[in-house]
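Trainee:
There are 2 protein chains.
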Amino acid sequence: MKPDGTLLLTRHEIANLLNIEDCIDAVEGAFRLYAEGKTTKPGVLGIAARDGGFHIKAGLLDLGRLYFAAKINANFPQNTKRFELPLIQGIIALCDGENGYPLALMDSMEITILRTGAATGAAAKYLARTDATVATICGCGNQGRISLKALAKVRPLTLAYAFDVDENQARRFAAELSRELAIEIRSVADLATAVGDSDICVTCTPSKQHFLKREYVRPSTFIAAVGADSEDKQELESSLMASSKIVVDLLDQCAVIGDLHHALEQRLITKDDVHAELGEIIAGKKPGRTSEDEIIIFDSTGTALQDVAAAAIVYERAKSSGTGLLLNLGE
Amino acid sequence: MKPDGTLLLTRHEIANLLNIEDCIDAVEGAFRLYAEGKTTKPGVLGIAARDGGFHIKAGLLDLGRLYFAAKINANFPQNTKRFELPLIQGIIALCDGENGYPLALMDSMEITILRTGAATGAAAKYLARTDATVATICGCGNQGRISLKALAKVRPLTLAYAFDVDENQARRFAAELSRELAIEIRSVADLATAVGDSDICVTCTPSKQHFLKREYVRPSTFIAAVGADSEDKQELESSLMASSKIVVDLLDQCAVIGDLHHALEQRLITKDDVHAELGEIIAGKKPGRTSEDEIIIFDSTGTALQDVAAAAIVYERAKSSGTGLLLNLGE
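From first to last, the protein sequence lines stand for chains U and A.
Using the numbering used here, you'd call the opening residue of the first sequence number 1 and step up by one each time.
Using the numbering used here, you'd call the opening residue of the second sequence number 1001 and step up by one each time.
Written as structure tokens, this is what we have:
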């Protein structure tokens, strides 16, 4: 059957089609397929611009139907100030992996947020203590919101600390999410105390200087290091990275642009000290948490695997619900 | 001013907005900017699939306004037979290079054909004899058509030979284009004789075995080797490549996926034997044709520079003429 056109999906439409729970399952499945060698290695391409840059992530995934997706994300840090535009903007092209037909063109924001939160959720499922009840979220933006929602799906959270350099942002976050998730959320200015009382800590800020110190973190903590996705970003003190059990999304990528790369660069550890890629743990090839006391860090840089998995769900639901605008671009 | 949406442009709309003459100028300008160091190096990313693959080309160009474009092309050789779909399908995303906003999403076919033909035209302008009147086109598909049109813009052609493994295709090509271009076109089965009588020869086939032999080519010929854009494709006998003056679009790319790479692989020549990148000649940094007798080959693998230049013209004309559908995907 010849395809009937390319489906165009707006951010709002996508938000209505995908929730974090399903996205965690999809992302977990994608990492498993990758670790089992059932998918090709996803690729990245970066092009620097004057005031920012463009990052392309592309990959293939066999989800019963073979899908390819390429995400083109622009990252311009001064956008809000200069143009009242978002820092990150982008497009995902989803294609049929069997014949290349462009099935859908989607705004990338919602999928980027959800699939990143989903990786945090999937990692916590395998790496956080099963009885984890307290979490600290560093960075109370979109990514902080989805991270806490994802954690609440996989662990019995009762209390969360919200930390942000902008205290108003932290207070809003606490007010909004405590209602939505029905758990207690306290906005805090003292990160050390919050982290010292937490089983889980997520860092999802644009920080270029590490702020999560080794001394803050108690044994048994699970840390998801989400913010650093380029050479110049760092959230965790390198000695914290070096002294913890490290799990990464993709080793080669984390070694270059993840929080991991600072510890490597300072020669505190080598790539061999990394315990596993997340997929290896999900696929049962390597153990996850093996003691109550160990500190485990998940270094999350974001992969095309996650984008393909999330975009495929969105596409299939859009088709079956009649959402989106169908346009034959090749005509 | 905040952008008002992303412009969606179909193949048909694009065909009405861009002609080969303007595209030659645009592509020439893009190569010049690149050679003058006024643009960043364009990037490529390939992802192999079971029955084909995806190729992404991305680059930035300052054309008064700063533009970024990424082209995602799928290449599935058995598509026509298996799915009644084109072998090549794809999408170009054009973004504002200053803030990343996705200005337009376009079907990629028309731009790919035109900008490739335009590179052949620009190269012929600098590398073919100024009195060239006879051309041979090997491969009478879309690319053959646009190549001949481009050549006719830059040289006083009076006769063309059309060669194709499918002789009907060559006859149709001759009938159609002789009317349109008002020159004599003969479909031929004997390539040696045609090339031996030609000042210019364009190869634009999907061939995996060289068919243009060194012995066919007379002194003073300009050859545009357009078809080979992956490791396994080849159109020119390697000894022809090795004994000619070689100009490339991008040296690093041609050395890997261009027709050039076969001569390199067979160690008939080294990268140092390549005379110039086309941009260097256009920018006046290196000489073009310096004798009537020399055989010059242009190895054309296709660059994002050409895509950005062509897509930017299409976008600006679409905006000013009100063509296309405007959609706010980020909403």
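Note that the Cβ used here is the ideal one computed from N, Cα and C, for glycine as well.
#1: Out of A:A1122, A:D1131 and A:V1165, state which residue places its alpha-carbon closest to the alpha-carbon of A:S1147.
#2: Could you please give the first and the last residue of the uninterrupted alpha helix (DSSP H) stretch that includes A:Y1126?
#3: Check distances from the C-beta atoms of the region 63 to 81 of chain U to those of chain A and list, in chain order, the residues that come in under 9 angstroms.
#4: Going along the chain, which unbroken runs of the alpha helix (DSSP H) with 4 or more residues stay wholly within the region 1151 to 1192 of chain A?
#5: Could you tell me the alpha carbon to alpha carbon distance between U:Y216 and A:P1042, rounded to whole angstroms?
#6: Looking at U:I313 and U:T221, is the spacing between their C-beta atoms short of 8 angstroms?
#7: How is A:H1262 classed by DSSP in three states: helix, strand or coil?
#8: Run the CB neighbour count on A:P1077, radius 10 Å, all protein chains shown included, and call it buried at 16 or more, exposed below.
#9: Using a Cβ cut-off of 8 angstroms (strictly closer), state whether U:M241 contacts chain A.
#10: U:A35 and U:K245 look like a contact to me (Cβ under 8 angstroms); what is the Cβ gap, rounded to whole Å?
#11: Considering only residues of the same chain and omitting the five flanking positions on each side of U:L326, which have a CB-CB separation below 6 angstroms?
#12: Would you decide whether A:P1102 is buried or exposed? Buried here means 16 or more other CB atoms lie within 10 Å of its CB.
#13: For A:A1276, does the three-state DSSP call read helix, strand or coil?
#14: Against chain U, with Cβ distances strictly below 8 angstroms, would A:N1016 count as a contact?
#15: Between the alpha carbons of U:D249 and A:A1309, how many angstroms are there, rounded?
#16: Going along the chain, which residues of its own chain have a beta-carbon closer than 7 angstroms to the beta-carbon of A:S1178, five neighbours each way excluded?
#17: Assuming A:T1040 contacts U:A48 (C-beta within less than 8 angstroms), just tell me the rounded distance between them.
#18: In three-state DSSP terms, what is U:Q89?
#19: Measure the CB-CB distance between A:L1094 and A:A1311 and report whether it falls below 8 angstroms.
#20: Give me, in chain order, the residues of the same chain whose beta-carbon lies closer than 8 angstroms to that of U:G46; leave out the 5 immediate sequence neighbours on both sides.
#21: In whole angstroms, what is the alpha-carbon distance linking A:D1199 and A:V1188?
#22: Have a look at A:L1191, A:S1207, A:D1307 and A:R1129 and flag the residue whose alpha-carbon is nearest the alpha-carbon of A:K1213.
#23: So which residues of chain A does U:E332 contact, with C-beta pairs closer than 9 angstroms?
#24: With DSSP run on the structure shown, which of helix, strand or coil describes U:G37?
#25: Is the Cβ of U:R171 closer than 8 angstroms to any Cβ of chain A?
#26: Under 8 angstroms between C-beta atoms, does U:Y146 make it to chain A?
#27: Could you tell me which residues DSSP pairs with A:T1203 in its beta bridges?
#28: The beta strand (DSSP E) that contains A:Y1067, what's its start and end?
#29: Using a Cβ distance threshold of 8 angstroms, determine whether the region 1114 to 1130 of chain A contacts the region 125 to 142 of chain U, with at least three qualifying pairs required.
#30: For U:A312 and chain A, any beta-carbon pair shorter than 8 angstroms?
#31: Got a sec: is the Cβ-Cβ distance from A:T1010 to anything in chain U below 8 angstroms?
#32: Could you spell out where the beta strand (DSSP E) holding A:V1217 opens and where it closes?
#33: Anything in the region 1106 to 1126 of chain A with a Cβ closer than 8 angstroms to a Cβ of chain U? List those residues in chain order, please.
#34: Can you give the beta carbon distance from A:L1157 to A:T1133, rounded, assuming they're within the 8 angstroms contact cut?
#35: Are the C-beta of A:T1323 and some C-beta of chain U separated by less than 8 angstroms?
#36: Using a beta-carbon distance cut-off of less than 7 angstroms, what residues from the region 1196 to 1219 of chain A approach chain U?
Mentor: By the coordinates alone:
#1: A:A1122
#2: Residues M1109 to L1127.
#3: L66, F68, A70, I72, N73, A74, N75, F76, Q78 and N79
#4: 1167 to 1181
#5: 44 angstroms
#6: No. Outside cutoff.
#7: Looking at A:H1262 - three-state DSSP - the assignment turns out to be helix.
#8: exposed
#9: no
#10: Rounded, the Cβ-Cβ distance is 17 angstroms, inconsistent with contact.
#11: The residues are G5 and L7.
#12: buried
#13: strand
#14: It does not: the Cβ of A:N1016 has no partner Cβ on chain U nearer than 8 angstroms.
#15: Between U:D249 and A:A1309, the C-alpha separation is close to 37 angstroms.
#16: E1184 and I1185
#17: 6 angstroms
#18: strand
#19: yes
#20: G53, F54, H55 and I56
#21: 16 angstroms
#22: A:L1191
#23: There is simply no residue 332 of chain U to check, as chain U begins at 1 and stops at 331 in what is shown.
#24: coil
#25: no
#26: The question names Tyr, but residue 146 of chain U is Ile in the sequence shown. Chain A contact via Cβ: absent.
#27: A:C1138 and A:A1225
#28: R1065 to N1075
#29: no
#30: Under the 8 angstroms criterion on CB atoms, U:A312 is classed as non-interfacial with respect to chain A.
#31: At a cut-off of 8 angstroms between C-beta atoms, A:T1010 counts as an interface residue with respect to chain U.
#32: Run containing A:V1217: none; DSSP gives neither H nor E here.
#33: M1106, D1107 and M1109
#34: That pair is a contact at about 6 angstroms.
#35: no
#36: none
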